[in-house]
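Enquirer: Heads up, the sequence shown is in numbering that gives the first Met the number 0, so the first residue is 0 and it goes up one at a time. My structure is below; once you've seen it, I'll send some questions.
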Amino acid sequence: MKQSTEKIIVIALLTIFLILAYTSLRNNSATFDEPNFITAGYSYWVAEDFRLNAEHPPVAKLLAGFPLQFITPEPVLNTISPYWINAVDPLYMFEYQWYFSQEFLYKSSNDAEQILFFARLPFLLIGILLGLYIYRWAKELYGTNAGLFALFLYCFCPNMLAYTQLVITDFVFTAFFLITLYYFWKWRKERKIKDVLFSGVFFGLALASKFSAIYIIPVVGVLLLTEWLLKCRDKTLDIQKQIQRDSIGVTIASVTALFVVAATYFFIHARDYVLVIAFTISRSVNGQLAYLLGNYGSQGWWYYFIVVFFSKTPSSIIILLFVLLFLLCVFKKWKRENFIDELTLIIPPLFYFIAFMFNHINIGIRHILPIYPFLFVFVSKAVILEFEKEQTKKMWRIILLLLLLWYAASTLFIAPHFLAFFNEFAGGPENGSNILLDSNIDWSQDLNRLEQWIEKNNLRNT
């Protein structure tokens, strides 16, 4: 494929992604957490005060607040409000930050719709960034066609489209999680110092996006240990020397990450990060009220995210994943030279998924969103599978094409209501509320559309 043609396809796919996300964004009302994140982020920039929403790291909020400094009229932050003043009280901070964010958006002279629109725009850029890295990683592993295949899966994924347009921590963390591991993989392959530094920078951004980024530490440990064990058979390899080099690289990346985390707190508030980790661990242990298959509970279910995955993941991707695994395992189509590389695609999402199975907070697919970019890159391997018979090759290509068409059609069918997507195995969005609730289906994103429906049907005074 010509390089110019390749670039045109990449730009076209990312443009489609932007259009689909943007058209949904324009009519989506504020979801439950967005007012808190937006208000907190704006206050970080203009007041240099981190009292609001301290229970979450600041990167997503800083992204949301940044463009608000340049809109006209500039939003007013009422720092003499009793809600602002009392938001430092540990007993009432969560209650008062909620009241203050509602006051900032809806009970002042500020234009709530304008603020919401501009606060969401940086997250579309993060969506483009993630798409480029998915394409890049798949291309470097399996070739150009695989890169385009992975990018197609990403750009038409209803879950990616649903969350890239919202001011939340989960999607930003998803992007930085993948990019951190990408540069870690690059460093393991090429041993360039720039890859160590980039890995450290994005690890820092991941840590400052969501506390779940802590899982990257054991993931890297497992990857390194697995590689050392696999290479122990190679007698020409100096394992001790490699361990020393790996330790130096990990140390450089870790120091870089800590610097980035401190920078996101403007350095003077960096200690807040450590203080809030204990709260986050406690919350994960104590749980939160959730719903699954007609039942309510606050301690979660070990199989919750299994149900989520098989209900909210497009059916065509589930089929492709299992067919690919079947072909790779039964017909032994693994290539030994790529196996260690592919462990970086398999171990992180698998580890992350299993870890969240034991988490007591079961409120949405957004908590396992980071597994999907790795899944897109991995299943792109389907494009390069080799078959002895030409007829089998043609049949495989037809199957892939049909799966892609099905995949795109199911996403376009649900547009612009991507958050409410449920696959055919789950009975579609009509049956979704019988399986899951909360941010899986209705996060208050359709209040604007409800108002439009009421007006259209003349139900305002009925």
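In this text, a Cβ means the ideal position worked out from N, Cα and C, and glycines have one as well.
Can you tell me whether DSSP reads residue 141 as helix, strand or coil?
Expert: The answer is helix: DSSP assigns residue 141 an H, G or I state.
Enquirer: Output the boundary residues of the alpha helix (DSSP H) element that contains residue 261.
Expert: That run of the alpha helix (DSSP H) goes 238-263.
Enquirer: Report the CB separation of residue 367 from residue 306 in whole angstroms; it is logged as a contact under 8 Å.
Expert: That belief does not hold up - the Cβ atoms of residue 367 and residue 306 are roughly 11 Å apart, past 8 Å.
Enquirer: By DSSP, does residue 293 sit in helix, in strand, or in coil?
Expert: Of the three classes helix, strand and coil, the one that applies to residue 293 here is coil, per DSSP.
Enquirer: Starting from residue 99 and walking both ways along the alpha helix (DSSP H), at which residues does that stretch end?
Expert: Run containing residue 99: 92-105, per the alpha helix (DSSP H) assignment.
Enquirer: In the DSSP assignment, find the unbroken alpha helix (DSSP H) run with residue 389 in it and report its ends.
Expert: From DSSP, the alpha helix (DSSP H) with residue 389 extends over 389-413.
Enquirer: How should residue 88 be labelled, buried or exposed, when 16 other C-beta atoms within 10 angstroms of its C-beta is the threshold for buried?
Expert: Exposed, because fewer than 16 other Cβ atoms sit within 10 Å of the Cβ of residue 88.
Enquirer: Among 91, 109, 41, which has the Cα closest to the Cα of residue 68?
Expert: Checked all of 91, 109, 41; the closest Cα to residue 68 is 41.
Enquirer: With H, G and I counted as helix, E and B as strand and the rest as coil, what does DSSP make of residue 1?
Expert: Here residue 1 sits in coil by DSSP.
Enquirer: Closer than 7 Å by C-beta to residue 390: which residues in its own chain qualify, once you throw out the five before and the five after it? Chain order, please.
Expert: Nothing meets the Cβ criterion.
Enquirer: According to DSSP, is residue 169 part of a helix, a strand, or is it coil?
Expert: Here residue 169 sits in helix by DSSP.
Enquirer: Which of helix, strand or coil does DSSP assign to residue 340?
Expert: If DSSP states are grouped into helix, strand and coil, residue 340 belongs with the helices.
Enquirer: With DSSP run on the structure shown, which of helix, strand or coil describes residue 353?
Expert: Three-state DSSP puts residue 353 in a helix.
Enquirer: Helix, strand or coil for residue 73, going by three-state DSSP, please let me know.
Expert: Residue 73: coil per DSSP, three-state reduction.
Enquirer: As an exercise, report each continuous beta strand (DSSP E) stretch of at least 3 residues that is fully enclosed by the segment 157-213, in chain order.
Expert: Taking only runs of at least 3 residues, no beta strand (DSSP E) segment lies wholly in the segment 157-213.
Enquirer: Quick one: what does DSSP say residue 135 is sitting in, helix, strand or coil?
Expert: Residue 135: helix per DSSP, three-state reduction.
Enquirer: Given a cut-off of 8 Å, decide if residue 212 and residue 172 are closer than it, judged by their beta-carbon atoms.
Expert: In contact: residue 172 and residue 212 (Cβ atoms closer than 8 Å).
Enquirer: Leaving out five residues before and five after residue 263 in sequence, what residues of the same chain have Cβ atoms less than 6 Å from its Cβ?
Expert: For residue 263, where only same-chain residues beyond five positions count, the Cβ hits under 6 Å are 57, 58, 207.
Enquirer: Is the beta carbon of residue 155 sitting closer than 8 Å to the one on residue 410?
Expert: Cβ atoms of residue 155 and residue 410: closer than 8 Å.
Enquirer: Please determine, among 351, 273, 93, 127, the residue with the shortest C-alpha to C-alpha distance to residue 15.
Expert: Ranking 351, 273, 93, 127 by Cα distance to residue 15 puts 127 first.
Enquirer: Report all residues from its chain with a CB closer than 8 Å to the CB of residue 46; omit the five preceding and five following residues, and keep chain order.
Expert: 76, 78.
Enquirer: Taking only the alpha-carbon atoms, compute the straight-line gap between residue 310 and residue 35 and give it to the nearest angstrom.
Expert: The alpha-carbon atoms of residue 310 and residue 35 are separated by roughly 29 Å.
Enquirer: Output the distance between the C-alpha atoms of residue 134 and residue 328, rounded to the nearest integer angstrom.
Expert: Going by the C-alpha atoms only, they are around 25 Å apart.
Enquirer: Shortest alpha-carbon distance to residue 418 belongs to which of 183, 163, 290, 253?
Expert: For the residues 183, 163, 290, 253, the minimum Cα distance to residue 418 belongs to 163.
Enquirer: By how many angstroms is the C-alpha of residue 180 removed from the C-alpha of residue 149?
Expert: So the two alpha carbons sit approximately 17 Å from each other.
Enquirer: Beta-carbon separation of residue 252 and residue 202 under 8 Å?
Expert: Closer than 8 Å, so yes.
Enquirer: So, does the segment 337-349 touch the segment 444-459, judging by three or more C-beta pairs under 8 Å?
Expert: Touching, no, given that fewer than three Cβ pairs across the two stretches are closer than 8 Å.
Enquirer: Measuring only the C-alpha atoms, how far is residue 406 from residue 412?
Expert: Computed Cα separation, rounded: 10 Å.
Enquirer: Determine the closest residue to residue 160 out of 290, 371, 447, 395, with distance taken between C-alpha atoms.
Expert: Taking only the C-alpha atoms, the option nearest residue 160 is 371.
Enquirer: Can you find the residues in the same chain that come closer than 6 Å, C-beta to C-beta, to residue 322, ignoring five residues on each side of it along the sequence?
Expert: Contacts found: none.
Enquirer: Under DSSP, the alpha helix (DSSP H) around residue 463 begins and ends at which residues?
Expert: Outside the shown range of the chain, which is 0 to 461, sits residue 463, and nothing can be said about it.
Enquirer: Quick one: what's got a C-beta closer than 8 Å to residue 279's C-beta in the same chain, skipping five residues either side?
Expert: Contacts found: 54, 210.
Enquirer: Let me know the secondary structure DSSP gives residue 366 once reduced to three states.
Expert: In the structure shown, residue 366 sits in a helix (DSSP, three-state: H, G or I).
Enquirer: So residue 58 is in the alpha helix (DSSP H); what residue range does that whole segment cover?
Expert: Start and end: 58-64.
Enquirer: Is it right to say residue 302 is buried, meaning 16 or more other beta carbons lie within 10 angstroms of its own, or is it exposed?
Expert: Result: exposed.
Enquirer: Measure the alpha-carbon distance for residue 369 versus residue 442 and round it to whole angstroms.
Expert: Computed Cα separation, rounded: 20 Å.
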